[in-house]
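Report on one structure; see the data block that follows.
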Amino acid sequence: MSTTLTLKTAAQLRDTYLRHEMFPTIFCDGCGLGNVLNYTLWAIDQIGLDLDRTVFVSGIGCSSRLSGYVNADGMHTTHGRALAFASGIKAANPDLTVIVFTGDGDGAGIGGNHLLHTIRRNMDLTVILVNNFTYGMTGGQAAPTSPVGSFSTTTPYGNIEHPLDICELAKAIGAPYVARWPVSYPYQPIKSIAQGISKRGFALIEMLVPCHTAYGRRNGLKDLEVIWQWYRDHVVQIDDHEHITQFGSPEERAALHDKMKIGVFQDVERECFDERWAALVERVKL
Amino acid sequence: MRQEIRICGFGGQGVITGAVILGKAAAVYDGLIACQVQSYGPEARGGAARAEVIIADGQIGYPGIHTADILVAMSQEAFSKYGREVKPDSIIIVDPDTVFSWEVSQTVHLVRSTKIAEGLGNVVVANIVMLGALTALSGVVSHEAILAATLASVPARFKELNRAALEAGIAAGMGQGDAVTHGRRATAGR
Amino acid sequence: MPTYRERIRQALGGKVQFVQGDDACAYGAILAGCTFFAGYPITPATEVAERMSEILPRLGGCYIQMEDEIASIGAIIGASWTGAKVMTATSGPGFSLMQENLGYAIMTETPCVIVNVQRSGPSTGQPTLGAYGDMMQARWGTHGDHEIVMLCPSNVQEALDLTIVAFNLAERYRTPVLLFIDGELGHMRERLVIPDDSEFELFDRVRAESPDGYKPFQAGESLVPAFAPFGSGYRTYVTGLTHNEQGLPRTSSAAIHDQLVRRLAAKINSHSDDIVRYEEYYGDDCEIAIVAYGITARTCRDVVEAGRRRGIKVGLLRLITIWPFPEEIVARWSARVQAMLVPEMNLGQIYHPIREAAEGRCTVKLLAKIGGDLHSPSELLEALEELQCQPR
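First to last, the sequence lines map onto chains A, B and C. Each residue of the first sequence is one higher than the last, beginning at 1 in the working numbering. Each residue of the second sequence is one higher than the last, beginning at 287 in the working numbering. Each residue of the third sequence is one higher than the last, beginning at 477 in the working numbering.
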């Protein structure tokens with residue numbers, strides 16, 4: 001992959017990659033999901049992926065609708081189970097590239113156990129997990145990622161539970177590629193998605209995407225400008241985080257507490273399921 | 287012809303393996319119809335275990351056994367539990383080293399399967415000794431079939447041991463040697 | 477280099493074997509061309525997974541142990557969309573977990589076979605003992621209007637034979653097919669003769685011929701759409717949402733929903749002649765009928781003979797296909813007999829559609845038995861004698 005990105009225009013992307021009959025999208029005006037799709041298509045374009053040999057799999061939720069907008073084979077499955085279906089596709093035909101769109105509720109709430117085991121098995125999937133801190137499609141309920149104290153239709157007095165750090169989890173259990181980017185950073189996610197697709201093994205790209213409709217309006221972040229700024233203020237690059245932890249003043253260190261780390265958490269090589277299975281078959285086949 | 291065979295003992299004696307081999311002998315090597323069911327559960331590991339085989343020359347409908355035509359008992363607990371669920375002319379085979387008392391009107395055949403197996407160098411083949419005795423005493427399967435089924439069911443390195451166990455059991459069953467005691471007994475001392 | 481079919485023979489071993497019902501299901505799947513199995517251990521179905529994990533890699537197929545039964549059925553549905561013939565196996569608790577994705581397979585017309593080696597419930601119940609407690613869950617367990625196909629073998633040989641049939645029906649009608657046995661039959665060993673390839677037919681799902689004008693969910697006269705596997709350039713979108721013939725979500729159109737859900741039902745119901753299987757004993761000459769299925773039916777055959785020796789004019793209607801329910805044949809028998817005896821290893825499940833089909837033409841008596849024991853010949857005979865003595 002070249003280090004400089006030569007990007008198609010939005011119109012070129014649309015004409016090349018999208019399933020026109022599916023439009024308009026179901027997304028709210030100002031939703032960041034369109035950007036995520038955009039970044040994904042740019043990444044695909046960069047690496048020259050053959051869409052005839054690529055399957056987009058998703059679960060249920062706003063982000064899971066993304067699979068339908070790409071003009072490729074797609075599977076919009078049941079809530080939380082995208083990784084199980086995707087694993088079946090990949091294991092049965094390892095020649096296919098499988099990209100999963102999921103959300104924080106879908107992928108880490110109801111589907112949390114599948115996430116653990118799909119990483120453990122190291123299925124060669126690229127998972128683009130859109131985290132918006134809420135169950136947006138059902139109108140804004142508390143999610144496993146909702147910040148402490150945040151309001152939702154099911155936490156009318158504020159959320160008392162601690163949020164899950166999906167990337168730290170994925171890193172801890174050995175996912176070969178783990179990255180987190182806010183949607184307001186366009187280039188890094190494109191690069192990460194491209195790297196994730198090229199990586200043999202499980203790749204997780206968590207995208208922080210504001211949901212001003214369901215999350216923002218209950219948390220003083222209804223205005224698009226305001227919510228995007230909130231994301232800018234509440235993230236910190238992994239390197240900066242480490243630097244501040246080591247050398248920062250007490251005030252700077254304290255300020256880290258309500259910031260989410262962004263960047264590439266992990267980028268290592270680990271033999272994936274289909275490689276190991278192929279080796280097993282080679283060993284025992286008749 | 288429908289012969290209902292119950293093999294019982296404690297978990298780990300290989301009663302299920304014995305029943306499977308017997309069924310295999312009938313179904314695969316003697317061209318008969320056979321059906322084997324087992325009772326197992328947490329209690330089967332160490333507690334009373336039983337396995338049942340039905341051997342017939344025609345279709346087997348009901349796969350259950352209430353009173354056995356042939357009973358092999360390898361533990362006192364198992365004999366106490368199943369010893370009475372037999373027919374007046376049932377063939378009853380017990381190991382007098384593991385079953386200490388029996389009070390039934392039928393002839394009880396005593397086969398010292400554990401002792402014989404120990405003599406061959408491994409107590410695990412006591413079940414195979416019993417299969418040999420059962421074959422010799424009942425004729426429910428042929429000697430060739432039980433041998434073939436046994437050899438097909440054990441790992442290569444144990445084939446000779448199992449062959450010896452089977453032959454010793456057949457010999458015991460045919461009354462060759464002093465391992466078989468016929469006759470009605472209330473109790474038998476050790 | 478031996479052919480794939482020759483390698484299957486090699487992997488399965490001798491032609492005549494003495495194996496369990498669970499083993500027979502696995503062998504049937506392999507013979508049917510199953511190349512993908514995903515499952516999760518559960519008594520008394522684990523042996524199906526064990527056999528598949530042993531055989532599939534030797535044939536270059538794929539076995540994968542998933543983290544639960546929800547993932548297991550998800551994985552086989554995904555694998556089926558690559559064109560593979562797929563299966564999973566479970567028991568009651570696992571089957572309960574599969575319900576949502578079972579509906580997804582129906583809605584997305586995904587061929588797959590699901591084995592349920594039933595044990596008694598509710599909940600964890602009696603894990604090691606047989607029962608037939610999931611007969612109605614199979615029919616109505618997943619939400620929404622739908623039809624389902626279910627086969628119930630009575631012996632080990634039939635477990636193999638009907639698994640092949642299950643694959644053929646799944647492929648022909650692009651629908652999940654349930655193969656239901658119970659813990660007793662699953663763990664029972666019997667003589668199994670592995671059929672030669674010439675002794676059975678195999679059906680593979682009809683493939684799309686060209687991407688031009690192809691609509692993935694458009695069905696012709698057969699009511700079954702042609703299939704294009706993922707990766708073949710057709711760019712199919714599959715969703716559990718109500719979708720049009722192109723496969724695109726159309727969730728607020730009453731007409732599209734009506735058309736889709738009715739077609740999915742009709743593709744099963746209008747082919748019930750092909751799907752429904754049953755066996756009749758003394759059907760032309762009986763006053764009392766035993767209507768039975770599964771492991772219970774084999775005892776009933778003995779009982780019919782014993783009953784007739786005692787002068788009771790009894791016959792047996794053995795249901796092999798349970799769903800779609802063989803209404804016509806049950807109705808025909810009900811017009812011919814004075815009473816039906818329905819022995820079930822549950823508190824009465826298939827008894828209800830039997831009564832519905834009989835429409836009051838004869839007495840229908842349930843002989844329910846739970847707890848793990850099979851119906852004994854004597855209790856069945858006793859029930860027959862009681863029925864015979866009843867004033868009509």
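Idealized CB from N, CA, C, for every residue including glycine.
Secondary structure at Thr566 of chain C: strand, using DSSP grouped into helix, strand and coil. In the DSSP assignment, Phe247 of chain A falls within the alpha helix (DSSP H) that extends over 238–247.
Residues of chain C whose Cβ lies closer than 7 angstroms to the Cβ of Ala335 of chain B do not exist, since the nearest Cβ in that chain is about 13 angstroms away. For His117 of chain A, the chain C residues whose C-beta falls within less than 7 angstroms of its own C-beta are Glu543, listed in chain order.
Take the alpha-carbon of Arg784 of chain C and the one of Val790 of chain C: they are about 6 angstroms apart. Per DSSP, reduced to three states, the secondary structure at Glu338 of chain B is strand. Bridge partners of Cys588 of chain C according to DSSP: C:Pro652. Counting the other Cβ atoms within 10 Å of the Cβ of Asp239 of chain A gives fewer than 16, which makes it exposed.
For Cys211 of chain A, there is no enclosing beta strand (DSSP E), as DSSP gives it neither H nor E.
The three-state reading of DSSP puts Pro176 of chain A in coil, since its state is none of H, G, I, E or B. Contact annotation: in the stretch 508–523 of chain C, residues whose CB is within less than 7 angstroms of a CB in chain A are Phe512, Ala514. Counting only runs of 4 or more residues that sit fully inside the stretch 635–722 of chain C, the alpha helix (DSSP H) segments are 659–663, in chain order. As the crow flies, the alpha-carbon of Val314 of chain B is around 53 angstroms from that of Ala172 of chain A. For Ile173 of chain A, no chain C residue has a C-beta closer than 8 angstroms to its own C-beta; the minimum C-beta separation is roughly 13 angstroms. About 5 angstroms separates the CB atoms of Met626 of chain C and Ile798 of chain C; that is less than 8 angstroms, so the two are in contact. For Thr54 of chain A, DSSP records a beta bridge to A:Thr97. Taken atom to atom, the span from the alpha-carbon of Leu18 of chain A to that of Ser674 of chain C is near 48 angstroms.
Note that the C-beta distance between Glu781 of chain C and Ile319 of chain B is not below 9 angstroms. Cβ-Cβ distances below 8 angstroms link Thr839 of chain C to Gln814, Ala815, Met816, Leu863, Gln866, Arg868 in the same chain, with the five nearest sequence neighbours on each side left out; the list follows chain order. Gln594 of chain C is classed as buried because its beta carbon has at least 16 other beta carbons within 10 Å across all chains shown. Using a Cβ distance threshold of 9 angstroms, Leu661 of chain C and Leu638 of chain C do not count as a contacting pair. Under the criterion of beta carbons closer than 8 angstroms, Thr564 of chain C and Ala92 of chain A do not qualify as touching, at roughly 13 angstroms.
9 angstroms or more divides the Cβ of Val682 of chain C from the Cβ of Ser708 of chain C. Using a CB distance below 7 angstroms, the part of the stretch 312–324 of chain B facing chain C consists of Ala313, Val314, Ile319, Ala320, Cys321, Gln322, Val323, Gln324, ordered along the chain.
The way I'd put it, the stretch 223–236 of chain A does touch the stretch 255–262 of chain A; three or more beta-carbon pairs between them come closer than 8 angstroms.
According to DSSP, Ser152 of chain A shares a beta bridge with A:Thr155. The stretch 713–729 of chain C and the stretch 603–618 of chain C do not touch, with fewer than 3 CB-CB distances between them shorter than 8 angstroms. The C-alpha of Ala551 of chain C is placed about 50 angstroms away from the C-alpha of Thr400 of chain B.
Inclusion of Asn577 of chain C and Ile546 of chain C in the CB contact set at 9 angstroms is warranted, their separation being smaller than that value. The beta carbon of Phe202 of chain A sits no closer than 9 angstroms to any beta carbon of chain C. Close CB contacts of Ala412 of chain B within its chain, under the 6 angstroms cut and outside five residues either way in sequence, are with Ser399, Thr400, Ala403 (chain order).
Here the C-alpha atom of Gly140 of chain A lies approximately 32 angstroms from the C-alpha atom of Gln195 of chain A. Asp621 of chain C and Thr651 of chain C have their C-alpha atoms roughly 14 angstroms apart. Listed in chain order, the non-local C-beta contacts of Gly103 of chain A below 6 angstroms within the same chain comprise Gly61, Ser63, Val130, local neighbours out to five positions each way being set aside. Looking at the backbone, the Cα of Ala773 of chain C and that of Cys628 of chain C are separated by about 10 angstroms. Contact with chain A is found for Ser556 of chain C, since one of that chain's Cβ atoms lies less than 9 angstroms from the residue's Cβ.
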